[in-house]
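The sequence shown begins at 1 in this note's numbering and counts up by one. Ideal Cβ placement from N, Cα and C applies to all residues, glycine included.
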Amino acid sequence: MAVSAGVLALLALVGCGTKQGHGAGTGSGSDDRGSVTTDLAVTDVYWTADSVTVGGRRTAAPDGAHVTITPEGRARGNSGCNSFSVAVKMNGDEITVGRVAWTAMGCRKDTGQFERTMSRTFSGTLTAAVTDRTLTLTTATGDAIAFTSEPATPLIGTTWTVTTLISGSVASSLPAGAEKKARLSFGKDDSVQGSPGCNQIRGAATVSGSAITFGRINGTKMMCPDPQMKVERALFEILDGRTTYRIDHRRLTLTAANGEGFSATASAPGK
C-alpha cells in the first residue's frame, strides 16, 4: 500500500543518508549504500501521507495514514485503517519493497480504495526524494506519493477523539452512532473537559510522568441514544482514579488499573 511504499523509501534514505548514526540497519543489503544526501533525518520521524498521484489524478490520503521508520531498518505505519510492518532493501535512492505484513480490518469504502490504489502503485522500484519537510516517492512511470514530516502531539491542549474501547488485550471499535462523539482535552490547570459521548463534563486530572489521576468529574445529565450512552458509561468507569497513558504521535492510549481503557486520536494539523 502507499504507506508501505513510503516506509520503504524512507528506509532507503536511512541506509544512504549522510547523518552519522543513521546508516543502513542490520538487514540484508546494508552494505550496498547509495549517495542520497539530506539535511532532514528520516528515522524516528512521523511521516504523514498527504496524497497519491496516479496517471495525473491526485487522491488525498485519509486521516491517520502515516509511516515511521527505525534506524534498525524496520518501517511501520497505517493506511488510515489497517496497520502494516515491512523491511526494505535499497541501492542509492532506489528502493526495493519487501513483503508487507498488514492487519485485516474492514475499512470504509474510501479508505479501502486508497489502500488498493497504493498497493498497485507502489511495487517494484521506487525513487525517494526529500526536500525540506517533505518526502516524495515516485514510480518509473511518474506516479507519486507525498508525505510531510509532522511534530509529536502534546497531551495537554490537544482535543482527543475517542476511537476504540479496550478491555485487556481486546480492542473494539465504537458502536455505530457513537463515532466521533466522545472528545476529551487536558488543561495545564490539572483539568479534563469535553464529552465522553453525550454529556459535557469537566473535572480534575493530574498528570505525573506516564500517569493521569482523575478526581471528581461533574457534567450535564442528558439522556442520549443508546450507542452514545454505552460509550459514555464505559469512559466514566475509566476516568476514575489512577490511570496510565501512552502517546504514539497522534494516538493516545489510556488504561485503568483493571485493564479497561480507550484509544483516541488527534486531528492532523490543519484538519
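Check: Taking only the alpha-carbon atoms, compute the straight-line gap between residue 223 and residue 233 and give it to the nearest angstrom.; Outcome: 12 Å
Check: Return the Cβ separation of residue 52 and residue 127 in integer angstroms, given the expectation that the two are a contact with Cβ distance under 8 Å.; Outcome: Wrong, their Cβ atoms sit about 15 Å apart, outside the cutoff.
Check: If contact is defined by three or more beta carbon pairs under 8 Å, each pair taking one atom from either stretch, is the stretch 177-197 in contact with the stretch 92-107?; Outcome: no
Check: Span of the beta strand (DSSP E) holding residue 86?; Outcome: 83-86
Check: Across which residues does DSSP place residue 186 in a beta bridge pair?; Outcome: 156, 192
Check: Can you have a look at residue 196 and say buried or exposed, based on whether 16 or more other CB atoms are within 10 angstroms of its CB?; Outcome: buried
Check: Quick check on the burial criterion: 16 or more other C-beta atoms within 10 angstroms. Buried or exposed for residue 178?; Outcome: buried
Check: Going straight from the alpha carbon of residue 160 to that of residue 173, what length do you get?; Outcome: 16 Å
Check: Measuring CB atoms only, is the stretch 107-114 touching the stretch 129-140, in the sense that at least three cross pairs come out at less than 8 Å?; Outcome: no
Check: Take the Cβ of residue 79 as the centre, count every other Cβ of all protein chains shown within 10 Å, and call the residue buried at 16 or more, exposed below.; Outcome: buried
Check: If you compare alpha carbons, which of 85, 217, 124, 130 is closest to residue 147?; Outcome: 130
Check: To the nearest angstrom, how far is it from the Cα of residue 96 to the Cα of residue 124?; Outcome: 6 Å
Check: May I ask you to report which of helix, strand or coil DSSP gives residue 37?; Outcome: Reliability fails at residue 37, whose pLDDT of 36 lies under 50, so the model's placement of it is uncertain and no value is given.
Check: For my contact list, residue 74 and residue 65 are in at a C-beta cut-off of 8 Å; report their separation, rounded to the angstrom.; Outcome: Incorrect: roughly 18 Å between the Cβ atoms, too far for contact.
Check: Measure the alpha-carbon distance for residue 247 versus residue 155 and round it to whole angstroms.; Outcome: 8 Å
Check: Which residue or residues does DSSP assign as beta-bridge partners of residue 199?; Outcome: Answer by DSSP bridge pairing: none, since residue 199 is not bridged.
Check: From residue 2 to residue 145, what distance separates their C-alpha atoms?; Outcome: Only weak support exists for where residue 2 lies, its pLDDT of 41 falling under 50; the value from the coordinates is given anyway. Residue 2 and residue 145: Cα-Cα distance of roughly 7 Å.
Check: Quick one: measure Cβ to Cβ for residue 149 and residue 47, integer angstroms, because I've assumed they're closer than 8 Å.; Outcome: 6 Å
Check: Measure from the alpha carbon of residue 228 to the alpha carbon of each residue in 193, 59, 158, 199, then state which is nearest.; Outcome: 199
Check: Could you check what DSSP says for residue 174 in three-state terms: helix, strand or coil?; Outcome: coil
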